[in-house]
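Chains A and B, in that order, are what the protein sequence lines are. Start counting the first sequence at 1; every next residue gets the next number (the numbering used here). Start counting the second sequence at 518; every next residue gets the next number (the numbering used here). Beneath this line is the structure, given in structure tokens, with notes to follow.
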Amino acid sequence: MVILERIGFYFQTVLHLASDPIHIAILFGSVILGIMFGAMPGLTSTLGVALLTAMTYGMDTATAMICLLSIYVGGTYGGSYASILINIPGTAASAATALDGYPLARKGEGGRAIGLTTTASAIGTIISMLFLVSISPMISFFALQFTSFEFFLLAFFGILISGTLTSPDLVIKGWIAGFLGLFLACVGRDMLQFYPRFTFGIPELDSGVEVVPVLIGAFGIPQIIQVLKEKFQIGETQKFQKIIPEFGTIVRNIPRIIRSALIGVGIGAVPGIGEDIAAWVSYGAAKNTSKHPERFGKGEITAVLSTEVANNACVGGAMIPLLNLGIPGSPPAAMLLGALMLHGVTPGPMINFEHPNFIIEVAAILLLASMAMWIVGMLLAKQVVKVLRIPTQIFMPIIGVLCIIGSYALGMNIFNLYLMLPVGIISYFLIEMGYPIAPLVIGVILGPMADENLRRALMVSQGSFLPVFTRPVALLLFLVIVWTVLSQFPLFKNLKDRLLAKIRPRKFRKTDTVQDD
Amino acid sequence: MLEKQNLRKADIYSGAIICLFGLWVILQALKMPMKDSWGGVQNVWYVSPAIFPLLVGCIIMLLGGLLCRTGLKTIGFKAFAETVRWLSSRALLQFLNSIPNLRFYAIVVLLLSFVFLNIPRIDFFLSAVLFLSVFITSFYFDVAEVLKKLFFFYLAGIIVLIIYFSIGLNEPLSRVVPFPADILALCFIVAYCVYAWRLIRNDVTLRKKYRTAMIVAIAAPFIVGMIFKYFLLVPMPAEGLVVAFMDYFWYLEFLE
């Protein structure tokens, strides 16, 4: 009965949102803007969400969410345009799409590839939305059993895992980035005793480091510097004919779609890692299970399908930990968290009590955004790809102005700019030296949660760490953290290999030896 | 991102800096109340505001040390000594003078001057037009020699503005002329545009790019600024000559 009631309310919300012409205008406008952000190499959906957050300041929460989720969905999908038509991924999420999308465009099947990515992206988003609605109550229920120790360990785990998985170089650099983020979160008066920490007598720092300017600086400024410093040029766009929705291909590949969606939702739900990793994992899975792996990289339609379903399924996946635990599942989700806080919504286990219908609303918006994205993709793709002709040297400085005015507009505080720019320049150097930026941002966001919960937990246990070992969830999280850290050290890897070799039955070892011989 | 071998070399330095930074965090945290009274509250170590920064500082220091060690282990002391020699040689100067680095300096100087110098003191629209016209023309022309000349011209203008504001000329001048800083910025924009035009006037392609750059540089701040100022009701960081002029029309002040 409750489930039927929830389904009924869900469709009621969809109808309610869709019946307002302003909502529809914002929905389509944001999707188009998102696609443009995704399509232009050098711009990302994270930056799109970051810049639009300032614009949503005066809107009500539902309208703001329509705006931001639509740009997120559109941005994730839009990256495929540049991948397919110019062989340069518009976003990291669509890098895997370029491998087979561009060969398809060169064969004269660009319209078919774009049609397929449009339909696949819409399906990916819708499947992830279903997961968001169905899994969220369970996660919220479990999260309600969490005490301060669990929340502290969860925040710690989020930073470590995002550092581990997003680091382009050494894993240690990902962790350093995460802990630098945690340090930034320490700045300001602490929430329990109001003691000023690392404020150096600057009154503007008393309230701590503002999340949104840090996010805009960390994601926007390095992007501007990189693109203009390296003289990034956009290549010639491949021509394409009519865009075909490719329903036949979709029906023939239902198992692949489900697998890719599961990969996307699963990876999206892991803190800090996003669409790019989901797309690559899905591409690898599609290649490994294909009857014709040799066709991959030469214009295989199922490869394009798998990557696009997975990267868009990440959107809903990233919403699951964001809404239920307050831990962002991907960099754009981190930006959304900042926007939600701005609108007075604090994601976490209490969200179902404080805002009982919020998750349903988010799911309804995701459905509408995916539909709007499909319609825009089918009807306006030819017009939207014209943005690829704008030289980067023209739009990057404008993005600079938007980053600056966007950071200022949140709180109308000029100090935000003084914070945003140094963070951006430092982030640029960190990126150049192989440090990932997502863990830093996640550290800034999860820092207050980790700090408060650690001290609250110790207060309750009178300074004892014993509850970590007596509470099952805390112990599990602790063991996972220890495993995540130790598994990166060669000594532990050797030990693990030796242990596995001992544990492996003698019979298998004999067979191995025979085969080796 | 740098190449693998260079990354390891950079890791030694970045690891050492991070390690020292971690140490600094610990030292700062040790100054926070641990067991003594703060605001009338007697502390115990586990609720001290220092506990979390101490934990973070220790981990940063440890990880920085590990990174430094990994870098040293991978490239060896010999390669590290070579890097130190390179840092004190002429090759470093050549590297710093390279075109990509010049582009980097130009971007950073533009951003820093826009945020720290112009935005708080000059009308937002004027500072944004100045920022965009310099930024777009410098990079859109895509000629290293032109970029160099334009950058140094801009730098000279910025130095003039710094002197103007630091000696406090704005205050007495504003009693005589309204919006003196904005007028100075306007003169700077005009001078820059004339100088850029003189540099490229003989090249047809660059002339076309100049026109496009100027249109975008003037139109974009007005579109963005008007959305924020009049539709989102966000007051600009500094409102001067242009904002006063626009307010006059927007609020129909001429009818009063």
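The beta carbon of each residue, even a glycine, is placed where N, CA and C say it ideally should be. What you are looking at is a predicted structure, and each value in this text was computed from that prediction instead of being measured.
{"Query": "Min CB distance B:V707 to chain A below 7 Å", "Result": "no"}
{"Query": "Short CB-CB distance (under 7 Å) between A:R197 and chain B", "Result": "yes"}
{"Query": "Buried or exposed by the 16-neighbour rule on C-beta atoms within 10 Å, applied to A:N288", "Result": "exposed"}
{"Query": "Neighbourhood of B:Y671 by C-beta, 6 Å cutoff - its chain only, sequence neighbours within 5 removed", "Result": "V651"}
{"Query": "Extent of the continuous alpha helix (DSSP H) run through A:K502", "Result": "490-503"}
{"Query": "Completely contained alpha helix (DSSP H) runs for the stretch 425-488 of chain A, where each covers 4 or more residues", "Result": "438-460, 467-470, 472-486"}
{"Query": "Contacts that A:Q393 makes with chain B (C-beta to C-beta distance below 8 Å)", "Result": "I653, F656, Y657, D659"}
{"Query": "Three-state secondary structure (DSSP) of A:G188", "Result": "strand"}
{"Query": "From A:L458, A:M319, A:V376, residue whose alpha carbon lies closest to that of A:L130", "Result": "A:M319"}
{"Query": "Minimum Cβ-Cβ distance from A:F183 to chain B less than 7 Å", "Result": "yes"}
{"Query": "Proximal residues to A:L475 (C-beta, below 7 Å), its chain only, five neighbours per side dropped", "Result": "V468, F469"}
{"Query": "Own chain, CB closer than 6 Å to B:L580, minus 5 neighbours either side, in chain order", "Result": "none"}
{"Query": "Minimum C-alpha distance to A:V49 - residue among A:A372, A:N311, A:S70", "Result": "A:S70"}
{"Query": "Close Cβ partners of A:D516 (< 7 Å) along its chain, the five nearest in sequence each way excluded", "Result": "Residue placement at A:D516 cannot be trusted, given a pLDDT of 40 that sits under 50; what the coordinates show is reported in the next sentence. Here the set comprises nothing."}
{"Query": "Nearest-angstrom Cα separation, counted from B:A661 out to A:Y428", "Result": "22 Å"}
{"Query": "Residues, ordered as in the chain, of the stretch 334-353 of chain A that lie near chain B by beta-carbon distance below 8 Å", "Result": "none"}
{"Query": "Residue burial classification, A:N312 (beta-carbon count within 10 angstroms, cutoff 16)", "Result": "buried"}
{"Query": "Stretch pair the stretch 97-106 of chain A + the stretch 58-69 of chain A: three plus CB contacts closer than 8 Å", "Result": "no"}
{"Query": "Residue range of the alpha helix (DSSP H) that includes B:Q545", "Result": "521-547"}
{"Query": "With 16 other Cβ atoms within 10 Å as the buried cut-off, status of B:V646", "Result": "buried"}
{"Query": "Anticipated Cβ contact below 8 Å, A:V209 with A:V187, distance rounded", "Result": "5 Å"}
{"Query": "Nearest to A:M412 (by Cα), restricted to the options B:Y765, B:M763, B:A730, B:P752", "Result": "B:P752"}
{"Query": "Beta carbon proximity, B:A645 to chain D, threshold 7 Å", "Result": "The structure shown contains no chain D; the protein chains it does contain are A and B."}
{"Query": "Neighbour flag for B:F745 against chain A, beta carbons, 7 Å", "Result": "yes"}
{"Query": "Cα-Cα separation between B:L613 and B:D659, rounded to whole angstroms", "Result": "19 Å"}
{"Query": "Nearest-angstrom Cα separation, counted from A:N494 out to A:T513", "Result": "Interpretation of A:T513 is limited by its pLDDT of 42, a score under 50 that renders its predicted location unreliable; no figure is taken from the coordinates."}
{"Query": "Residues within the stretch 55-66 of chain A neighbouring chain B, beta-carbon criterion of under 7 Å", "Result": "M55, Y57, G58"}
{"Query": "For B:P550, the three-state DSSP class (helix, strand or coil)", "Result": "coil"}
{"Query": "Euclidean distance between Cα positions of B:G757 and B:E688", "Result": "14 Å"}
{"Query": "Against chain A: residues of the stretch 531-553 of chain B by CB proximity under 7 Å", "Result": "S531, I535, V542, Q545, M549, P550"}
{"Query": "For A:P245, three-class secondary structure by DSSP", "Result": "coil"}
{"Query": "Contact with chain B by A:C314, beta-carbon distance below 7 Å", "Result": "no"}
{"Query": "Given 8 Å, three or more beta-carbon pairs between the stretch 681-701 of chain B and the stretch 730-742 of chain B", "Result": "no"}
{"Query": "Closest residue to B:Y747 among A:M55, A:I7, A:A372 (Cα-Cα distance)", "Result": "A:M55"}
{"Query": "Beta carbon proximity, B:Y563 to chain A, threshold 7 Å", "Result": "yes"}
{"Query": "Three-way DSSP call (helix, strand, coil) for A:I3 in this model", "Result": "helix"}
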